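To start, the structure itself, in structure tokens.
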Amino acid sequence: MELEKKPIREFVGKVIRIIDETPSTKTLVFDIKGIDFDFYPGQYVMLNVPYEGEILKRAYSIASPPTQKDSLELTIKRVPNGKASVVLTERVKVGDEFLIKGPYGKFIWVPQMGTNLILIGAGSGIVPLMCILRYIASAKLEHVKATLLYSNTHYEEIIYREELEQLNTLSNIRIVHTLTRSHPPNWKGYTGRINHEMILREVENIPTNLYYLCGPPQFVDDIANILTDLGVDKGQIKKEKYD
Ligand SMILES: Cc1cc2nc3c(=O)[nH]c(=O)nc-3n(C[C@H](O)[C@H](O)[C@H](O)COP(=O)(O)OP(=O)(O)OC[C@H]3O[C@@H](n4cnc5c(N)ncnc54)[C@H](O)[C@@H]3O)c2cc1C
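Residue numbers (the working numbering): 18 to 260.
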């Protein structure tokens with residue numbers, strides 16, 4: 018399906034709010050009032066991040082839905098020994114300004130593509146999937162059914178945990194968690210990596226859905242292999258790798 022491209026804009030966004038998501042993850046909310054910026058759910062922007070006299074350019078998926086017009090949200094997870102991600106999670110203050118350019122990317126979902134969605138993410142790979150879920154909820158797309166399979170190492174690292182609980186109460190959205198390294202004593206989700214059995218138990222009519230996978234490259238490749246083993250056509254699988 019050929020989609021009309023959204024025009025690429027370059028603009029300065031001022032940080033108006035910083036949300037602590039997890040011990041290693043923050044959401045920066047940028048004021049974009051008056052800026053004619055539009056995007057498809059799943060796309061990303063390039064952010065210029067000043068770092069020790071240089072400007073680093075880094076890709077960040079858009080977390081807020083396109084229905085939210087006055088502000089833009091990016092969620093950044095600090096990576097070990099990272100440069101930009103450390104600046105963005107530890108040094109940024111309300112009032113700081115950043116050059117933002119976009120939107121970019123073909124990891125896009127619009128309702129015309131299909132209405133049975135399986136979103137599979139790990140860690141910060143939730144971000145474009147959350148944009149899709151927020152879009153489904155805010156645009157009241159009740160004919161769309163979405164299941165999120167979300168993998169994290171630890172309970173404390175689940176990004177958007179409370180909002181995901183709220184989304185899970187909607188009749189057309191289902192959230193399934195797995196924790197791979199530790200879990201609280203009363204944990205009701207899965208433990209261990211997403212595997213064939215988990216997908217067989219959680220996903221109905223496996224070959225007929227549209228799949229959106231996002232996370233580290235190895236995670237995305239592993240899940241894509243599981244899905245093709247289970248009979249999903251490659252054309253039904255969209256991938257975004259955070260390398
Ligand atoms: C299309 C796209 C969208 C992205 N969206 C997001 C997003 O929404 N949120 C987000 O937090 N990140 C996202 N990323 C990753 C982001 O662009 C940066 O790569 C990340 O913030 C690390 O940058 P850095 O300067 O801190 O690390 P660098 O200084 O570039 O790297 C430092 C070290 O960390 C390793 N490393 C780099 N990235 C990762 C990673 N993701 N996981 C583990 N180790 C890593 C490197 O191999 C290196 O050893 C996205 C990437 C792409 C390509």
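In this text, a Cβ means the ideal position worked out from N, Cα and C, and glycines have one as well.
This one's a predicted model, so the numbers in the text were calculated from it and none came from an experiment.
(request) For the alpha helix (DSSP H) containing Glu179, list its first residue and its last residue. (result) Here residue 179 refers to the residue found at position 162 when the sequence shown is read from its first residue. Unbroken alpha helix (DSSP H) run through Glu179: 178–185.
(request) Kindly examine ligand 1 and report whether one of its heavy atoms sits closer than 7 Å to the Cβ of Glu90. (result) Locating residue 90 in the sequence shown gives position 73, counting from the first residue. Not under cutoff, so the answer is no.
(request) Name the two residues that bound the continuous beta strand (DSSP E) containing Ala139. (result) On the sequence shown, position 122 is the one that residue 139 refers to. Ala139 -> beta strand (DSSP E) spans 133–139.
(request) Return the CA-CA distance between Tyr1 and Glu114, expressed in angstroms with no decimal places. (result) With the chain covering only 18 through 260, there is no way to say anything about residue 1.
(message) In this structure, how does DSSP classify His194 when only helix, strand and coil are distinguished?
(response) Indexing the sequence shown from 1 puts residue 194 at position 177. The answer is strand: DSSP assigns His194 an E or B state.
(request) Would you check whether ligand 1 has a heavy atom nearer than 7 Å to the C-beta of Ser78? (result) Locating residue 78 in the sequence shown gives position 61, where the first residue counts as 1. Checking every heavy atom of ligand 1 against the Cβ of Ser78, one is found closer than 7 Å.
(message) Whether or not the region 171–185 and the region 95–108 are in contact is what I'm after, with contact meaning three or more pairs of Cβ atoms, one per stretch, closer than 8 Å; do they touch?
(response) no
(request) Kindly provide the ranges of any beta strand (DSSP E) runs that are 3 or more residues long and lie completely inside the region 190–256, ordered along the chain. (result) 190–196, 227–232
(message) My assumption, with CB atoms under 8 Å, is that Val144 sits in contact with Ala76. Please give the rounded CB distance.
(response) By 1-based counting over the sequence shown, the position of residue 144 is 127. By 1-based counting over the sequence shown, the position of residue 76 is 59. Incorrect: roughly 11 Å between the Cβ atoms, too far for contact.
(request) State the start and end residues of the unbroken alpha helix (DSSP H) segment that holds Tyr152. (result) Locating residue 152 in the sequence shown gives position 135, counting from the first residue. Start and end: 143–155.
(request) Could you work out which residue in Glu159, Ile125, Lys50, Asn212 is closest to Ser88 when comparing CA atoms only? (result) Taking the sequence shown and counting its residues from 1, the one referred to as residue 88 is at position 71. It is Lys50.
(message) Do Thr84 and Ser199 count as a contact pair if the criterion is CB distance below 8 Å?
(response) Here residue 199 is taken as the residue at index 182 of the sequence shown, counted from 1. Here residue 84 is taken as the residue at index 67 of the sequence shown, counted from 1. No.
(message) Could you compute how far the alpha carbon of Val127 sits from the alpha carbon of Arg108?
(response) As a working mapping, residue 127 is identified with position 110 in the sequence shown. As a working mapping, residue 108 is identified with position 91 in the sequence shown. About 35 Å.
(request) Assign Leu230 to buried or exposed, taking buried as 16 or more other Cβ atoms, counted over all protein chains shown, within 10 Å of its Cβ. (result) Here residue 230 refers to the residue found at position 213 when the sequence shown is read from its first residue. With 16 or more other Cβ atoms within 10 Å, it is buried.
(message) In whole angstroms, give me the CA-to-CA distance for Gly99 and Leu73.
(response) As a first step, residue 99 must be located in the sequence shown, where it is residue number 82. As a first step, residue 73 must be located in the sequence shown, where it is residue number 56. Rounded to the nearest angstrom, the two C-alpha atoms are 11 Å apart.
(message) Could you tell me the alpha carbon to alpha carbon distance between Glu221 and Leu158, rounded to whole angstroms?
(response) Numbered from 1 along the sequence shown, position 204 holds the residue referred to as residue 221. Numbered from 1 along the sequence shown, position 141 holds the residue referred to as residue 158. Whole-angstrom Cα-Cα distance: 20 Å.
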